[in-house]
Amino acid sequence: MKNQIKPLQILLALTVMSFTSSSLANTSSVPEDLLGFWSLDVDSGEPAWMHVEEQDGEPVVTMRLYVGPEGPYDDALIQDGRLTFTLNKSKTKRSKIVVARTVDVGLIDGKLDGVIVATPNNGGPVTQKHFTGKWVTPMPDSAPDLSTVRFGQPKAIFNGKDLTGWRLHETDKKNGWSVEDGMLVNNTPKTDFSATGAYSNIRTEAEFEDFWLHIEFLIEANRNSGVYLRGMYEAQVVDRDSRMQGLQGVGAIFSRIAPSVNAGKRPGEWQTYDLTLVDRHVTVVLNGVKVIDNQPLIGPTGGAIYTDPSAPGPIYLQGDHTAVKYKNIYLAPVLRD
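Shown next as structure tokens:
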């Protein structure tokens with residue numbers, strides 16, 4: 017005699033199917049309009065960006081808030097069309113308090129809408145930062161042909177006499193910048209490489225699109241600075257023998273592109289950067305040696321103050337790390353038809 021399916025079994029099967037369908041509807045794949053790179057506008061004023069892609073139906077998310085980590089974040093989840101993940105958990109200084117920061121982001125009427133919720137583990141107040149975002153056109157499919165690029169006449173963007181054309185980025189911090197014997201000098205007692213400090217960074221008043229930049233620097237042993245192109249991409253400033261090498265060494269676009277060779281000089285010797293930025297690709301010539309050749313820039317580096325690669329930005333020099341000297345700073349803009 018064949019087994020007969022009882023009505024109760026049918027009811028249970030239908031219930032399971034209904035629950036499964038409902039769950040799949042609530043945790044579907046990443047909404048297409050959420051995919052890509054986003055330059056974020058956070059109400060706290062902190063520079064931030066986010067990149068969302070999909071792999072095997074699951075979201076893969078990188079996001080950086082100023083000098084914080086960028087991920088990817090392994091708990092990213094899509095539910096009801098919105099993306100959630102934990103940005104990081106951090107301890108406050110001199111305290112055992114751990115603050116968990118979670119992100120909830122989606123699209124409302126075609127516009128990005130997100131919130132970062134910070135929850136301390138000691139029962140303290142929960143804080144929120146709201147953000148919107150601008151979707152950025154994807155990277156060009158191929159590198160630009162630099163042989164066809166036309167540049168304008170190089171012009172000095174530092175006059176060697178005073179700080180005309182430059183200003184502090186963080187006006188609430190100490191100013192270590194001055195002009196000495198034709199050099200742009202940052203004097204600070206700080207000797208560690210921590211991400212922020214009591215002294216201010218400095219930037220040009222002017223903002224630039226694509227360009228060629230020449231800049232010379234002198235960095236002592238165990239010191240660290242950086243040159244940010246358009247306020248987004250840091251060319252690392254350390255000496256040849258620094259403990260920071262490879263992706264973090266001289267000639268690198270910090271944490272993004274390692275130089276092909278270490279062409280740096282010893283501590284206390286003048287070094288030269290020639291940096292070409294065209295169509296989100298960078299060429300780095302360090303002390304006359306091409307160490308990065310027309311490579312794509314995938315996202316701003318840590319500490320960036322601008323995060324929209326389609327917009328102009330300043331030349332921005334790190335002063336919150338350690339002492340450094342710069343001179344002979346020239347820029348030639350790319351000429352567009």
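Here our numbering is used: the first residue of the sequence shown is 17, the next is one more, and so on.
We put the CB at the ideal spot given by N, CA and C, even for glycine.
- The beta carbons of residue 272 and residue 313 sit closer together than 8 Å.
- Spanning the alpha carbons of residue 338 and residue 49 requires a straight line of approximately 42 Å.
- CA-to-CA, the gap between residue 122 and residue 91 works out to about 16 Å.
- Collapsing the DSSP output to three states places residue 252 in a strand.
- Annotation for residue 263: 271, 274 place their beta carbon closer than 6 Å to its own, counting only its chain and skipping 5 residues before and after.
- Within the same chain, and ignoring the five residues on either side of residue 166 in sequence, the residues whose Cβ sits closer than 6 Å to its Cβ are 351.
- Looking at the DSSP output, residue 66 sits in a beta bridge with 54, 79.
- A straight-line Cα-Cα distance of about 7 Å links residue 141 and residue 135.
- For residue 199, the beta-bridge partners assigned by DSSP are 196.
- Distances from the CA of residue 250 to each of 234, 239, 267, 256 were compared; the closest alpha carbon is that of 267.
- Excluding sequence positions up to five before and after residue 212, its CB lies within less than 8 Å of the CB of 83, 336, all in the same chain and listed in chain order.
- Look at residue 210 here: in three-state DSSP terms it is coil, with no helix or strand label.
- Taking C-beta atoms as the reference points, residue 320 and residue 244 count as a pair closer than 8 Å.
- When the five nearest sequence neighbours on each side are left out, the beta carbons in the same chain lying within less than 7 Å of the beta carbon of residue 85 are those of 104, in order along the chain.
- A contact between stretches requires three or more CB pairs, one per stretch, nearer than 8 Å, and the segment 299-311 fails this requirement with the segment 169-187.
- Note on geometry: alpha-carbon atoms of residue 269 and residue 300 lie some 9 Å from one another.
- Nearest to residue 316 by C-alpha distance, out of 256, 71, 78, is 78.
- Residue pairing for residue 122: DSSP places it in a beta bridge opposite 129.
- If you compare the alpha carbons of 280, 203, 120, 276 with that of residue 259, the shortest gap goes to 280.
- Residues of the same chain with a CB within less than 7 Å of the CB of residue 87, apart from the 5 flanking positions on each side, are 77, 78, 79 in chain order.
- Our two residues, residue 303 and residue 99, have alpha carbons roughly 45 Å apart in a direct line.
- For residue 344, the uninterrupted beta strand (DSSP E) run begins and ends at 340-351, by DSSP.
- Between residue 325 and residue 224 a beta carbon distance of about 13 Å is seen, past the 8 Å cut, so the two are scored as non-contacting.
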